[in-house]
Amino acid sequence: MADRATILHADLDSFYASVEQRDDPRLRGRPVLVGGGVVLAASYEAKAFGVRTPMGLAQARALCPQAIVVPPRMTAYSAASKAVFEVFRDTTPIVEGISIDEAFLEVGGLHRIRGTPAQIAAALRTRVRERVGLPITVGVARTKFLAKVASGVGKPDGLLVVPPDEELAFLHPLPVERLWGVGPVTAGKLRDRQIRTVAHVARIGEAALVAILGAHAGRHLHALAHNRDPRRVRVGQRRGSIGSQCALGRRPRPFEEIDATLAALVDRVTRRMRAADRAGRTVTLRLRFGDFSRATRSRSLLKATMGTRAILETARGLLATARPLIEERGITLVGVAVGNLDSDGAVQLELPFEEPRDDSLDSALDAVRDRFGSGSVTRARSLGRELHPSVPLLPD
3 MADRATILHA DLDSFYASVE QRDDPRLRGR PVLVGGGVVL AASYEAKAFG VRTPMGLAQA
63 RALCPQAIVV PPRMTAYSAA SKAVFEVFRD TTPIVEGISI DEAFLEVGGL HRIRGTPAQI
123 AAALRTRVRE RVGLPITVGV ARTKFLAKVA SGVGKPDGLL VVPPDEELAF LHPLPVERLW
183 GVGPVTAGKL RDRQIRTVAH VARIGEAALV AILGAHAGRH LHALAHNRDP RRVRVGQRRG
243 SIGSQCALGR RPRPFEEIDA TLAALVDRVT RRMRAADRAG RTVTLRLRFG DFSRATRSRS
303 LLKATMGTRA ILETARGLLA TARPLIEERG ITLVGVAVGN LDSDGAVQLE LPFEEPRDDS
363 LDSALDAVRD RFGSGSVTRA RSLGRELHPS VPLLPD
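In terms of my numbering, the sequence shown opens at residue 3 and continues consecutively.
Take a look at the structure:
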């Protein structure tokens, strides 16, 4: 691990809502919700009332009746993201994008021309504000993990530097939820055993964590609790999976409607795969139930594919296995992702060596949607059931 804090984690504050407030002066300083049936983003003025994502809009309005709801404008968010990443790359060539609104930057080699990491981070925040008009928070530390924690603690619109000799003093008083990878389920398991802070995690030892959480999660959290994170900032890393999800709200839905939503999600995912020339082998179904518990189901195919039919058949098989749980608990979110992606889109042909007919159909539908819009061709079962707008993604 480096002996200096040279890793920056830059994270735009309430990104969608901040873009809306930037573009419409009437929204500045007021509680803003971006979304339709579900809150996609909330301004900090709305978050002060307890609004969170992905909360249902009705619940958000009950918490904050004076909130202003605006529909999402994905094109505007994509343009703002590109402008911010231009600022990142003007700052340092070593930029690792995490999502459209956050990235890691390595600035260890810029001392002679740009100053200290703290000075570089302060200048970065100023340039983003001046050139793009958005607030951004930056955390600075020796490790990627701690830099991300620092930016989270420093929000909103802040700068927080964690010196090497103060790392554990900063990290250990924080709640366990600050550890990378600790969600509601893991946090619940830890808190049930009176493990509430990072210091508690560090003290109980790796063997005890493994017994509670399993080998991988136990070792991972034990390392993070001692700020052991050897990962470096990497440039040009391709994403490991391509996925999409849709919040369904809390009203009961017939299984046929869930199946139609799943098919529309698979159409979206496979179109992205073909655009990126990536074939994948592992299909993962993600579900969130009415009691807010979650479940995932995965299945690996014999060969990599980017074909819609093969992936949809696999996803539907996974959904069928989860049907009893859905009928028992209700469902509020469904998502699908394809992982184990090949780097060059190579698909193994089978004897006889003929191109599958499904490939021609997929290509034709992609061409129509590219020319006339994603809604120009849809499945009959999806008529009247529009998905939420597709979230902008970083280039693969």
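Where is the CB? At the ideal position from N, CA and C, for every residue including glycine.
Q: Pull up the DSSP beta-bridge partners for T298, would you.
A: DSSP output for T298 lists R288 as bridge partner(s).
Q. Can you tell me where the alpha helix (DSSP H) with Q121 in it begins and where it stops?
A. 119 to 134 is the span of the alpha helix (DSSP H), which, as asked, contains Q121.
Q.
What does the alpha-carbon distance come out to for the pair S246 and I214?
A. Those two C-alpha atoms are separated by around 31 Å.
Q) L396: which of T307, D293, L148, R240 sits nearest, CA to CA? A) Out of T307, D293, L148, R240, R240 has the C-alpha closest to the C-alpha of L396.
Q | Close Cβ partners of R30 (< 6 Å) along its chain, the five nearest in sequence each way excluded | A | For R30, the CB contacts under 6 Å within the same chain, skipping 5 residues up- and downstream, are Q23 in chain order.
Q: Mind checking which residues open and close the alpha helix (DSSP H) that includes E329?
A: DSSP places E329 inside the alpha helix (DSSP H), whose first and last residues are 325 to 331.
Q: Please go through the same chain and pick out, in chain order, the residues whose beta-carbon is closer than 8 Å to the beta-carbon of I333, but skip the five residues on each side of it.
A: Closer than 8 Å at the Cβ level, and outside the excluded window around I333, lie L250, R255, I260, L289, R290, F291, G292.
Q.
If distances are taken between C-alpha atoms only, which option among V271, E179, C248 comes closest to T263?
A. Ranking V271, E179, C248 by Cα distance to T263 puts C248 first.
Q. Could you give the C-beta distance for P379 and L367, rounded to a whole number, given that I count them as a contact under 8 Å?
A. Sequence check: residue 379 is Val here, not Pro. Between L367 and V379 the Cβ distance is about 6 Å, and since that is below 8 Å, they are a contact.
(Q) Taking 8 Å as the cut-off, does the stretch 27 to 47 touch the stretch 123 to 130 (at least 3 CB pairs, one atom from each stretch)? (A) No, the stretch 123 to 130 is not in contact with the stretch 27 to 47.
Q: Determine the direct distance from the alpha carbon of S243 to that of R283, and round the result to whole angstroms.
A: Their Cα atoms are separated by approximately 10 Å.
Q.
Taking the alpha-carbon of L162 as reference, which of R253, G341, L10, R383 has the nearest alpha-carbon?
A. Comparing Cα-Cα distances from L162 to each of R253, G341, L10, R383, the minimum goes to L10.
Q: Rounded to whole angstroms, what's the CA-CA distance from G37 to H113? Just pull it up for me.
A: Straight-line Cα distance between these residues: approximately 43 Å.
Q) G427 by DSSP, collapsed to three states: which one? A) Given that the chain is displayed from residue 3 to residue 398, the structure contains no residue 427 and the question cannot be resolved.
Q: Using three-state DSSP, classify A64 as helix, strand or coil.
A: Note: A64 maps to helix in three-state DSSP.
Q: Output the boundary residues of the alpha helix (DSSP H) element that contains S80.
A: Residues 76 to 93.
Q) Does DSSP put K191 in a helix, a strand or coil? A) Helix.
Q. Over what stretch of residues does the alpha helix (DSSP H) that includes F257 continue unbroken?
A. Per DSSP, F257 belongs to the alpha helix (DSSP H) from 257 to 278.
Q: May I have the straight-line CA-CA distance separating Y46 from D279, to the nearest angstrom?
A: Distance between the alpha carbons of Y46 and D279: 39 Å.
Q: Could you name the residues of the same chain whose beta carbon sits closer than 7 Å to that of A48, not counting the 5 residues immediately before and after it, in chain order?
A: Cβ neighbours of A48 beyond the five flanking positions: P33, V34, L35, C66, A69.
Q | Collapsed DSSP secondary structure at S378 in the structure displayed | A | DSSP places S378 in coil when its eight states are reduced to three.
Q. With respect to the beta strand (DSSP E) encompassing H11, which residues constitute its N-terminal and C-terminal limits?
A. Counting along the chain, the beta strand (DSSP E) containing H11 begins and ends at 9 to 14.
(Q) I need the boundaries of the beta strand (DSSP E) containing F106, first residue and last residue. (A) It spans 104 to 108 - the beta strand (DSSP E) in which F106 sits, taken as one unbroken run.
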